[in-house]
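Remarks on the structure that follows.
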Amino acid sequence: MLPVAASSLSASHAEAELIEACRRGNPRAQKRLFDWLSPMALGVCLRYLRQPEEAEEAMLLGFVKMFRALEQYRHDGSFRGWVRRIMINEALGLIRRRQPLHLDIDDYAPEVAPIAAAAESDLAAADLLALLAALPAGYRTVFNLYAIEGYSHAEIAELLGISEGTSKSQLSKARALLQRQLQALQFTSTSSYSESYAA
């Protein structure tokens with residue numbers, strides 16, 4: 401048990417040293433930090449933006465903001481979590497600048513049955529990202545913030561400037577649309593499977 405604690409302590413110490421070197425403007429440290437965090441940061445941005453070029457732009461702008469704001473990070477929470485928030489905010493900002501969110505104001509849509517476990521387990525991560533990318537911007541944004549990032553409806557409402565009811569409605573509609581898309585995928589794969597054995 402001691403080696404695990406020691407390695408965890410040394411990893412957090414190494415992270416703190418890397419952050420401090422970046423604060424001093426060390427370009428090699430900044431490159432190391434970018435290389436370490438960019439896969440996570442790009443993944444976050446890709447969940448919000450349809451085009452890979454837009455996601456990369458948001459990520460790069462997010463890193464610029466992160467490096468400028470390093471003095472504000474106080475080591476009182478996860479550094480990766482802090483960077484993740486910056487990337488989410490940058491992706492949302494890019495969405496607002498390029499394509500204003502069209503959020504329906506209507507009340508809650510009826511709840512949808514949970515997604516079938518079989519469809520979930522057969523779905524590759526790339527397929528799920530493609531399904532998320534196909535959602536309308538408002539649905540996709542609320543779904544990502546709630547289901548993936550763990551924001552509450554109150555936090556989403558404040559972040560996006562909408563009501564909690566609108567956030568809940570958008571989430572419900574996103575789930576319904578995703579469920580229909582997953583059922584269509586499951587039907588397509590079942591049909592292909594049946595056709596291959598019917599021949």
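Per this note's numbering, numbering through the sequence shown is continuous, rising by one, with the last residue being 599.
Beta carbons are placed, not taken as given, at the ideal position from N, Cα and C, and that holds for glycine.
Taking buried to mean at least 16 other C-beta atoms within 10 Å of its own C-beta, is R447 buried or exposed? R447 is buried by the Cβ-count criterion.
Supposed contact pair A491 and A533 - C-beta distance, whole angstroms, cut 8 Å: Rounded to whole angstroms, the Cβ separation of A533 and A491 is 13 Å, and the two are not in contact under 8 Å.
I'd like the list of long-range same chain contacts for Q383, defined as Cβ closer than 8 Å, with 5 residues on each side in sequence excluded. Because the chain spans 401 through 599 in this model, residue 383 falls outside it and cannot be assessed.
How is the alpha helix (DSSP H) around Q472 delimited, first residue to last? Here Q472 belongs to no alpha helix (DSSP H), and DSSP marks it neither H nor E.
Would the beta-carbon of A343 fall within 8 Å of that of F543? What the structure shows of the chain is the stretch from 401 to 599, and residue 343 is not part of that stretch, so it cannot be assessed.
Below 8 Å between beta carbons: does that hold for I495 and L449? Result yes, Cβ atoms of I495 and L449 sit closer than 8 Å.
Beta-carbon proximity of Y539 to Q579, cut-off 8 Å: With respect to the 8 Å criterion, Y539 and Q579 are not classified as neighbours on the basis of their beta carbons.
Is N489 helix, strand or coil when you go by DSSP? N489 carries a helical assignment under DSSP once its states are collapsed to helix, strand and coil.
Jot down the residue ranges of each uninterrupted alpha helix (DSSP H) in the segment 550–595, minimum 4 residues, whole runs only, in chain order. If only uninterrupted alpha helix (DSSP H) runs of at least 4 residues are considered, those enclosed by the segment 550–595 are 553–560.
Nearest-angstrom Cα distance between L418 and L433? Between L418 and L433, the C-alpha separation is close to 7 Å.
If you draw a straight line from the alpha carbon of G477 to that of E454, how long is it in whole angstroms? Rounded to the nearest angstrom, the two C-alpha atoms are 28 Å apart.
I'd like to know whether the C-beta atoms of L545 and I562 end up nearer to each other than 8 Å. No, the Cβ-Cβ distance between L545 and I562 is not below 8 Å.
Any idea if Q472 is buried or exposed, counting beta-carbon neighbours within 10 angstroms, 16 or more meaning buried? Exposed, because fewer than 16 other Cβ atoms sit within 10 Å of the Cβ of Q472.
Please report the distance separating the alpha-carbon of A469 from that of L460. Rounded to the nearest angstrom, the two C-alpha atoms are 14 Å apart.
Which residues in the same chain as L437 place their Cβ atom closer than 6 Å to its Cβ, once the five residues preceding and following it in sequence are excluded? Annotation for L437: V483 place their beta carbon closer than 6 Å to its own, counting only its chain and skipping 5 residues before and after.
Run the CB neighbour count on S552, radius 10 Å, all protein chains shown included, and call it buried at 16 or more, exposed below. The residue in question, S552, is exposed, as its Cβ has fewer than 16 Cβ neighbours within 10 Å.
Cβ-based burial, S572 [other Cβ within 10 Å; buried from 16]: S572 should be labelled buried.
If you run the structure through DSSP and keep just helix, strand and coil, what is G481? In the structure shown, G481 sits in a helix (DSSP, three-state: H, G or I).
Own chain residues within Cβ distance below 6 Å of Q600, not counting five before or after: The requested residue 600 is not part of the displayed model; the chain covers only 401 to 599.
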